[in-house]
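Down below is the structure, laid out as structure tokens.
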Amino acid sequence: MRDGVKLFTSIYIPKDSSEKHPVLFGRTPYSCAPYGEKFRNFWDTHWKYYMRENYIVVIQDVRGRWMSEGEFVDVRPFVKDKKTNKDIDEASDTYDAIDWMVKNINGNNGNVGVMGISYPGFYSTMAAASGHPALKAVSPQAPVTDWFMGDDFHHNGAFALMDGIAFYLGGFGYPRPVPTTKGPVSTFQGSSDNYDRFLQIGALSNVTKLAGDSIQFFKDMFAHPNYDAWWQARNARVSMYDVKPAMLTVGGLFDAEDCYGAWNLYKAIEKQSPGSNNKLVIGPWFHGQWSRGDGSYLGNVKFGSRTSEWYQNNIEIPFFNYYLKGKGNDPRLAEATIFFSGENKWKTFDQWPPAAAQNQEIYLQPDGSLAWSKPSTGNSFSEYVSDPAHPVPYTEDVHYSRTREYMTDDQRFASRRPDVVTFETAPLTENLTLAGPVIADLLVSLSSTDADFVVKIIDVFPDDFKYPDYAPQPQRGVGGSYPMGGYQMLVRGEIMRGKFRNSFETPAPFKANKVEKVKFTLPDVAHTFEKGHRLMIQIQSSWFPIFDRNPQQFMNIYEAKDSDFKKATIRVFHDAGNSSGVILPVVK
Ligand code: PG9
1 MRDGVKLFTS IYIPKDSSEK HPVLFGRTPY SCAPYGEKFR NFWDTHWKYY MRENYIVVIQ
61 DVRGRWMSEG EFVDVRPFVK DKKTNKDIDE ASDTYDAIDW MVKNINGNNG NVGVMGISYP
121 GFYSTMAAAS GHPALKAVSP QAPVTDWFMG DDFHHNGAFA LMDGIAFYLG GFGYPRPVPT
181 TKGPVSTFQG SSDNYDRFLQ IGALSNVTKL AGDSIQFFKD MFAHPNYDAW WQARNARVSM
241 YDVKPAMLTV GGLFDAEDCY GAWNLYKAIE KQSPGSNNKL VIGPWFHGQW SRGDGSYLGN
301 VKFGSRTSEW YQNNIEIPFF NYYLKGKGND PRLAEATIFF SGENKWKTFD QWPPAAAQNQ
361 EIYLQPDGSL AWSKPSTGNS FSEYVSDPAH PVPYTEDVHY SRTREYMTDD QRFASRRPDV
421 VTFETAPLTE NLTLAGPVIA DLLVSLSSTD ADFVVKIIDV FPDDFKYPDY APQPQRGVGG
481 SYPMGGYQML VRGEIMRGKF RNSFETPAPF KANKVEKVKF TLPDVAHTFE KGHRLMIQIQ
541 SSWFPIFDRN PQQFMNIYEA KDSDFKKATI RVFHDAGNSS GVILPVVK
């Protein structure tokens, strides 16, 4: 690297020397050196297709990880104006690595592509920011993009308790090497019931004790409870000006880790680098499912075809082959190739969100229904008590670690709780297709000074719904198939930490019992509620233990003690003056 630091790099060169070959490059904090038995597992993903296509495949340990020299920094900020050799970042490291490769690897054709999933997706974004002229094509996949707003560690400021702890402290069956500088010195132990275990741990300040003090990122994160300059510098989108390579951003509709990154990275590139070659693909996938597995179902919900294979053969491989080998016809990928759950179809668009999607608000009604017009009644609200000692679980079952399947799980268990309010339409008389971000637009009052709001968009299947016989029926427990009639499929859910309702930089307390607006954006959806199904909206004030509990008092939650957690009475208004609703991107 330009500052003299050496990065460990594994280079696999095809035996075929009849022609020159492009380089496909990935940078990782998870180690590029899976030798011996692990070797096969590592390559048994989409990388194997590129080996078959005779690419030169290169994997590099990022600065400060594993065999590489230097200091590791989590989601290292992008340096805008690099003036000296000391101004390094992940973009400059990628630039220097590419420069070395095209000059030193025998038989390379001078074209380099970069791809990576999740954290390696972040490094792919940074590669795109490197501006090296040999870099022709980049595919950030489920890219970690903003750890305060939507990816692994927080959503809208609420701490992603289960993943945050599992990834960095372990104890919940995540054998993966976590990207910490020194390695965790953690006394953390999981248990077979994560709901119970996280309740026992209690306040986040107890987590700091369990973490020891070896995890710099935990210390930093807890020292920055608001979206201040520290977090803003770690928003990968700030690097996406003047993007030069062809971009293929890929994500999963049902990605429980980094659902935010793909949608929002694509949008930032569109806005900040107009005219760039920027494409988006979203399928019905869990985290990384497009690179392995067949992608024909998630949990109980079926998608009708092998979507991962379709993507590999029709999008990703043609994309790299065209830009790096000049092979095949110009794939002319659509601007956006998006799978619509519900109707189970791939669709292409010349912009995302599509022009045909128009925002239309659906309003909560006093009788528990939903309608496209505001209610006409005076003073009406639904009320529940949110009790941090009994938070609403994110899934019905007992689990050791966070499931991937919760993203499409049946929400019937939640509708039946007194601290979840539920509104639903009558059976739809025609299909309703949503394409784009959903905006929760609530008018609420609290008996306290802070609370969280979770809004869930749910597809309620008809009572007699059955998958066709050719599809194996979903199984749960002993005794046969899961009852899909009346299934309440989670299509999208998101949390908002109430104190950030007006500003993520400057949180503000609620005034007890005063009606206030809480408006926030849920990640994009692509879903068709078919005729005969119902649309349901659920609202609750905890989603545990995916997210930490709000003590329901205005304070720095990282410093809250167990005794700070209080019950709060929450009202969600649905009357003529205070009409709560959800703004839906309805395809006309
Ligand atoms: N989403 C991933 C991640 C989690 C936590 C820390 C860092 C990254 C990943 O799979 O890379």
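When we follow full-length UniProt numbering, the leftmost residue of the sequence shown carries the number 1, and every step to the right adds one. We treat Cβ as the ideally placed atom computed from N, Cα and C, and that holds for glycine.
Would you kindly check if the distance between the Cβ of residue j and the Cβ of residue i is under 8 Å?
| i | j | result |
| --- | --- | --- |
| Leu442 | Val518 | yes |
| Asp163 | Tyr260 | no |
| Leu535 | Leu364 | no |
| Val582 | Ala357 | no |
| Tyr123 | Glu69 | no |
| Asn268 | Met240 | In the sequence under discussion, the amino acid at residue 268 is Ala, which differs from the Asn named in the question. Contact: yes. |
| residue 590 | Asn108 | A question about residue 590 goes unanswered here, because the residues of the chain that appear run from 1 up to 588. |
| Thr408 | Leu298 | yes |
| Val144 | Gly26 | no |
| Phe520 | Ala440 | yes |
| Asp258 | Ser373 | no |
| Trp263 | Pro523 | yes |
| Phe413 | Ala158 | no |
| Asp350 | Glu361 | no |
| Ile537 | Val454 | no |
| Gln488 | Asp410 | yes |
| Pro462 | His533 | yes |
Within a Cβ cutoff of 6 Å, which residues of the same chain sit near residue i, ignoring the five residues on either side of it in sequence?
| i | result |
| --- | --- |
| Ala134 | Ile98, Val102, Gly110, Val112 |
| Asn344 | Phe303, Gly304 |
| Glu71 | Gly64 |
| Tyr558 | Leu204, Phe222, Pro225 |
| Tyr49 | Ile317 |
| Thr28 | Pro120 |
| Ser580 | Leu364, Leu442, Leu443, Val572, Phe573, His574 |
| Thr181 | At Thr181, the pLDDT of 42 sits below 50, so the modelled position is not reliable; the number obtained from the coordinates is stated separately. Phe72, Gln216. |
Leaving out five residues before and five after residue i in sequence, what residues of the same chain have Cβ atoms less than 7 Å from its Cβ?
| i | result |
| --- | --- |
| Ser447 | Ala512, Asn513, Ala568, Thr569 |
| residue 606 | One cannot answer for residue 606 here, as it falls past the ends of the chain, which runs 1 to 588. |
| Gly342 | Asp459, His527, Thr528, Phe529, Glu530 |
| Thr337 | Val281, Ile315, Trp346, Thr348 |
| Asn578 | Leu443, Val515 |
| Phe554 | Thr449, Asp450, Lys499, Pro509 |
| Arg497 | Asn156, Gly157, Ala158, Asp452, Asn550 |
Sort the options by Cα distance to residue i and report the nearest one.
| i | options | result |
| --- | --- | --- |
| residue 590 | Phe465, Ser373, Asn300 | Past the boundaries of the shown model lies residue 590; the chain is included only from 1 to 588, so the question cannot be answered. |
| Tyr12 | Arg2, Glu19, Val23 | Val23 |
| Tyr467 | Ile458, Ser481, Asp459 | Ser481 |
| Pro545 | Val398, Val421, Glu505 | Val398 |
| residue 676 | Gln60, Ala166, Phe159, Lys82 | Lying before the first or after the last residue shown, residue 676 is absent from the chain, which here runs from 1 to 588. |
| Phe340 | Leu522, Lys244, His21, Ala435 | Ala435 |
| Arg237 | Phe148, Tyr322, Phe319 | Phe148 |
| Lys83 | Val75, Ser92, Arg76 | Ser92 |
| Lys325 | Gln553, Ala137, Ser580, Val62 | Ala137 |
| Gln232 | Asp87, Val75, Pro437, Ser139 | Val75 |
| Glu270 | Ser291, Trp66, Lys244 | Lys244 |
| Phe153 | Ile495, Asp562, Pro483, Arg332 | Ile495 |
| Leu7 | Val62, Tyr30, Trp43 | Val62 |
| Met51 | Asp16, Asp81, Ala142 | Asp16 |
| Val385 | Trp310, Val421, Tyr400 | Val421 |
| Asp464 | Gly485, Ile457, Ser445 | Gly485 |
| Leu490 | Asn502, Pro284, Gly295 | Pro284 |
| Pro120 | Asn194, Ser580, Pro140, Gly131 | Pro140 |
| Trp66 | Tyr195, Tyr30, Lys20, Thr45 | Tyr30 |
| Ile215 | Ala129, Trp230, Tyr168, Asn431 | Tyr168 |
| Val5 | Ser291, Lys86, Tyr400 | Lys86 |
| Gln272 | Ala129, Tyr323, Leu161, Phe217 | Ala129 |
| Leu333 | Asp151, Thr249, Glu430 | Thr249 |
Sorted by chain position, which residues of the same chain lie with C-beta nearer than 8 Å to residue i's C-beta, five sequence neighbours on each side aside?
| i | result |
| --- | --- |
| residue 608 | Nothing about residue 608 can be reported from this structure: the residues present for the chain run from 1 to 588 only. |
| Asp387 | Asp419, Lys567 |
| Arg417 | Val392, Gln540 |
| Pro366 | Pro375, Thr377, Ser380, His574, Asp575 |
| His287 | Ile117, Ser118, Ala142, Gly252, Asp255, Ala256, Glu257, Asp258, Arg404 |
| Arg306 | Asp294, Gly295, Ser296 |
| Lys20 | Gly107, Asn108, Asn109, Gly110 |
Closer than 7 Å to a non-hydrogen atom of ligand 2 - does that hold for the CB of residue i?
| i | result |
| --- | --- |
| Ser563 | Absent from the structure shown: ligand 2. Ligands present: ligand 1. |
Quick test of the definition: if touching needs 3 or more C-beta pairs under 8 Å, does the segment 246-258 touch the segment 216-235? no
State whether the segment 538-547 contacts the segment 389-403, with contact taken as three or more CB pairs (one from each stretch) at a distance under 8 Å. yes
Any contact of the segment 423-435 with the segment 261-280, i.e. 3+ C-beta pairs under 8 Å? Two segments are said to touch when three or more pairs of C-beta atoms, one from each, lie closer than 8 Å; by this definition the segment 423-435 does not touch the segment 261-280.
Mind pulling the beta strand (DSSP E) runs of 3 or more residues that sit fully within the segment 93-163? For the segment 93-163, the continuous beta strand (DSSP E) assignments of 3+ residues that do not extend past its boundaries occur at 108-117, 135-141, in sequence order.
Which runs of the beta strand (DSSP E) at least 3 residues long sit entirely within the segment 243-324? Give them in chain order. 246-252, 278-283
Whole alpha helix (DSSP H) elements within the segment 367-392, 4-residue minimum: Here no run is fully enclosed.
My parser needs the beta strand (DSSP E) runs of 3 or more residues fully inside the segment 493-569; what are they? The qualifying runs are 516-529, 534-540.
Counting only runs of 4+ residues fully inside the segment 397-483, write out the alpha helix (DSSP H) ranges in chain order. 412-415
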